[in-house]
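First residue of the sequence shown? That's 339 in this note's numbering, and the numbers climb one at a time after it. The beta-carbon is built from N, C-alpha and C at its ideal position, and this holds for glycine as well. Beneath this line is the structure, given in structure tokens, with notes to follow.
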Amino acid sequence: MGGIMKKIGLIGGLGPEATIEYYRIIVQLVRKKTGNFPELVINCVDLKKYARMLDEQKRSEQIEWLAQAVFELHRAGADFAIITSNTPHLIYDEIQTRSPIPMISIVEVTASEAKRLGLKRVGLLGTITTMSSDFYGRVFYREGIEVVIPGGE
339 MGGIMKKIGL IGGLGPEATI EYYRIIVQLV RKKTGNFPEL VINCVDLKKY ARMLDEQKRS
399 EQIEWLAQAV FELHRAGADF AIITSNTPHL IYDEIQTRSP IPMISIVEVT ASEAKRLGLK
459 RVGLLGTITT MSSDFYGRVF YREGIEVVIP GGE
């Protein structure tokens, strides 16, 4: 299968299990599509450091720190980046504006897939921060989909 395969960059470590799952699924999908293994770089960042910044509500510090993680992926040759955890998508737009490479949003991709499936209502499970913020709701609302949070009804 022709074409040049792009090098994938993952910001991982913010949910180590999610990072492993992303890696597994990406390898599986690329092998199925191309018969080859993907070029992939993972920048595992410090979960405890991120949790501290989140707890202390140091938003600008979180943005700069994760933007730096994207720059490191870029320097490692990544053509685009994905953050493998939901909660950092609270500041996704700010990270993306600082990114030297395109980024893929979990929230945008999930909303697009839900719309493609014809869903009108979806449930959201996640960290307290993810579920108490509106970053999922805003994106899904644009697609005409209601986001339901446990205990919210």
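Same chain, Cβ closer than 6 angstroms to residue i, neighbours up to 5 away in sequence not counted
| i | result |
| --- | --- |
| Leu411 | Gly347, Val379, Asn381 and Ala419 |
Residue i, DSSP secondary structure in three states
| i | result |
| --- | --- |
| Ile421 | strand |
| Met343 | coil |
| Val485 | strand |
| Val460 | strand |
| Gly373 | coil |
| Val291 | This structure cannot settle anything about residue 291, because the visible part of the chain is limited to 339 through 491. |
Distance between residue j and residue i (C-alpha atoms, nearest Å)
| i | j | result |
| --- | --- | --- |
| Glu377 | Ser471 | 34 angstroms |
| Tyr360 | Gln366 | 10 angstroms |
| Gly489 | Val445 | 21 angstroms |
| Lys387 | Glu484 | 33 angstroms |
CB contact below 8 angstroms: residue i versus chain C
| i | result |
| --- | --- |
| Val365 | Although the question refers to chain C, the structure presented lacks it and comprises just one protein chain. |
Contacting residues, own chain, Cβ-Cβ under 8 angstroms from residue i (five flanking each side not counted)
| i | result |
| --- | --- |
| Pro438 | Val408, Phe409 and His412 |
Original post:
Per the contact definition of three or more C-beta pairs closer than 8 angstroms, is the region 471 to 478 in contact with the region 443 to 455?
Top reply: yes
Original post:
How do the region 394 to 406 and the region 425 to 437 stand: do at least 3 beta-carbon pairs fall below 8 angstroms, yes or no?
Top reply: yes
Subject >> Uninterrupted beta strand (DSSP E) stretches inside the region 397 to 442 (no shorter than 3 residues) >> reply: 418 to 421
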